Amino acid sequence: MKYYITLCFCLLVGNLYALDPVKLTKNTKEVLVSSDYMQILDDSTGMLNIDSITSVAYEKRFFYHSKDVVPRIRDKRTTYWLKIKIEGAKSSNKSWVLEVLDLHINHIQVYVKVGDRIIDLGKSGYYHAFRNRSLPHKNFVYQLPDEDDLVYYLRVKSDGFNPFLFKLRSNDFFIGYSLSEYYILGVYYGIMLIMAIYNMMLYMYIRDKMYLYYVTYVLSCVLISFSEDGLGFQFLWSGYPEFNIFIENFTNCLFLIFFTVYAKTFLNFQTYLPKLDKSLNYLLVIISIVFIVSSFSVLPFYTSNMHIYIILLPFMIIYVGAVKIYLNKEKAFTRFFLLGYSFTMIGIMFVVVRVNGLVIDKILYVYSLNIGLLIEVVFFSLALAYRLRVIKNEKELAQAKVINQLQENEKIITQKVIERTEEIARQKNIIESKNAELTEANHTLQEQSEEIRRMNELLDSENQELKGSVKELTKARVLMKDVDFSEFSEIFPDDDSCYAYLAKLKWPDKRFTCIKCGNDKYAVGQGHYARRCSKCGYNESCTVNTIFHRSHIPIQKAFFMVFLVYANNENITSAELSKILSLRQSTCWKFSKKILEKIKNIKATSEPDHTDGWTRVIVDSLPRKPGT
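Heads up: the sequence shown runs through residues 913 to 1540, numbered per the working numbering.
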């Protein structure tokens, strides 16, 4: 009898500590690892390692957690070890993965026992770099070895009440499920991005701040969605897990601020509910301070999940205010706002449920916030469009009233115009009688004026002919019978031709006599056609001992001025020279004075010699050819 009791006790104890395995078959696609297939060990010190856990002493300390279908973390200070047995992975002729569905677990380390070997699959988690994950997926996914008997040990530590929600999925099912999941999320973010871009374009066109607030709100929805579904960590800041901490601490605050600002502006709280508007402003400041302070220090009254409940307070206030405005002011576009707002509230309620550890293994529950935000954004966009239409209709109605008033004013003005027109007509008759008298007098004056005009035209014609004759005579005299500057330029087209002609006059037949030492040998000097004495080195310019020496007038125009003064027998004025040469009159006067003095000296010292012409005016001492 004693032996029988002992045997029953041993069997009972063996069943107590025995762990039921998860059995995989060919027909299995996925299996939820519920509390029936999971044993848990609490490590309050956090010092246990895999060697300790797999020892005989600790194997008996694992226990079932049968209260919930999916157990969860109940003490955030405790480290949890989970034990899961899996059978049939190899015999099912399929490849399998173990997926940890809660991506917000801070630290998770996975070991698998295959026979007597223990394989470390690495450390991962929300606070670890994304590259540490064995498979690049937004959740924690581990490939099962191709063995029939497997024992998994998972070390879990987190700051929230995260559920131990694990699933075993065949590779084929996992790939199809993941692709569908990523595709739907892509559509979600695509719609959000389109809404943001569309309303940003409306803001740039209409310049209504409402659309800018809406864009910031949509972007905050995208940011909070990135935090909830893990796509932000996978694709945007995978190498910076510390940014997840920032997201957790500040995303909700940013979402609350942007939504509140948008909602207050859209519902026009400042006009309809001014007291509530001020209260919301103060509440936003207080909540922002609490969020910031709690992120960098520990507040005795503040817990990590309290921010969810803090967010609900302004949301409820805005909801009540929107209902009140809809009932009292009968703003039709408020209906769209309330409909979209209701879906967001439902999504936030599901987040509150998740944060408190209540697990529902349904896809709508997992993505309830995304669905709520998407529907809300669409309804808010419709509300904006309807609001714009209402404003447009009100504006058109106001314009119609203004037009009616303008038409009434037009009738009054028309009557006044008629009265004034009659008065003007009477005055016009008086003026016409006076004008008739003036017309007769003007007719006489016009006849006299016409006679004077004809005489003036005759005088003008004769005067023009006289001026033309004088001008032609003067021009022929000045320019030596139609020699103008353009024709003169054909002989001397540029300054270089003038310098060449001047050098030829000074040194005919290339004869040279140094004015310093009398030497007749020379070399090419510095300057236009200059000559340097080979004996004393004196550099003689071609303008030395000429009328152009130290003249600042362009040599071509100076040549023409000498020609004009000489050809016109000294009877051309500086004003005429200025007009012909396009030079200042003072410049023409100075140089013409120099020319006249030179001509006067020539006449006083020698007999006129018309064979040399104007060249005697140019060069001080004109060399003579041999034999002359």
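Cβ coordinates follow ideal geometry from the N, Cα and C atoms, glycine included.
Quick caveat: nothing in here was measured; it's all calculated off a predicted structure.
Asked: Through-space distance from L1077 to P983, alpha-carbon basis; Found: 8 Å
Asked: CA nearest to the CA of D1084, picked from I1096, K938, T1183; Found: K938
Asked: Buried/exposed call for L1371, threshold 16 Cβ in 10 Å; Found: exposed
Asked: CB of K1469 within 8 Å of CB of L1495, strictly; Found: yes
Asked: Three-state secondary structure assigned by DSSP to I1427; Found: coil
Asked: Identity of the residues DSSP links to C1445 by a beta bridge; Found: Y1434
Asked: D1084, enclosing alpha helix (DSSP H) - first and last residue; Found: 1083-1118
Asked: Burial state of A1435, where buried means 16 or more other Cβ atoms lie within 10 Å; Found: exposed
Asked: Under 8 Å between C-beta atoms of V1529 and L1417; Found: no
Asked: Rounded straight-line distance, which links the Cα of T1458 to that of I1514; Found: 14 Å
Asked: Sequence-distant residues of its chain with Cβ nearer than 6 Å to S1453 (five each side left out); Found: G1439, A1442
Asked: Nearest-angstrom Cβ-Cβ length linking S1070 and I1159, presumed shorter than 8 Å; Found: At roughly 16 Å, the Cβ-Cβ gap does not stay under 8 Å, so S1070 and I1159 are not in contact.
Asked: Backbone CA spacing between K988 and T957 [nearest angstrom]; Found: 12 Å
Asked: Residue from A1310, D1061, G1142 with nearest C-alpha to S1004; Found: D1061
Asked: Buried versus exposed, by CB contacts within 10 Å (16 or more), L1148; Found: exposed
Asked: Reference L1195; option with closest CA among N1180, T1455, L1179, M1228; Found: M1228
Asked: Segment limits, alpha helix (DSSP H) that includes W1501; Found: 1497-1517
Asked: Alpha helix (DSSP H) segment containing V968, residue limits; Found: 968-971
Asked: Secondary structure of L944, DSSP reduced to three states; Found: strand
Asked: Contacting residues, own chain, Cβ-Cβ under 8 Å from M1547 (five flanking each side not counted); Found: The displayed coordinates of the chain run from 913 to 1540. Any statement about residue 1547 would go beyond what the structure contains.
Asked: Which residues DSSP lists as bridging N1451, in chain order; Found: R1444
Asked: For E1140, the three-state DSSP class (helix, strand or coil); Found: helix
Asked: For P1226, the three-state DSSP class (helix, strand or coil); Found: helix
Asked: L1131 versus N1305: straight-line alpha-carbon distance, rounded; Found: 30 Å
Asked: CA nearest to the CA of I1287, picked from I1325, Q1327, V1012, I1103; Found: I1103
Asked: Simplified DSSP assignment, three categories, for L1033; Found: strand
Asked: K1190 versus L1285: straight-line alpha-carbon distance, rounded; Found: 26 Å
Asked: N1481 versus V1474: straight-line alpha-carbon distance, rounded; Found: 11 Å
Asked: Start and end residues, alpha helix (DSSP H) containing D1408; Found: 1407-1418
Asked: Residue nearest to K1428 in terms of C-alpha spacing, selected from Q1327, I1030, Y1450, L1091; Found: Y1450
Asked: Residue interval of the alpha helix (DSSP H) (run including F1171); Found: 1154-1179
Asked: D1061: first and last residue of the uninterrupted alpha helix (DSSP H) it sits in; Found: First-last for D1061: 1061-1069, but that is the beta strand (DSSP E), not the alpha helix (DSSP H).
Asked: From W1526, L1493, T1517, residue whose alpha carbon lies closest to that of A1479; Found: W1526
Asked: Integer Cβ distance of V912 from I996, believed to fall under 8 Å; Found: Residue coverage of the chain in this structure runs from 913 to 1540, which leaves residue 912 outside it and unanswerable.
Asked: Whole-number beta carbon distance between I1136 and N1156, since they are thought to touch under 8 Å; Found: Not quite, the Cβ-Cβ distance comes to about 13 Å (not below 8 Å), so this is no contact.
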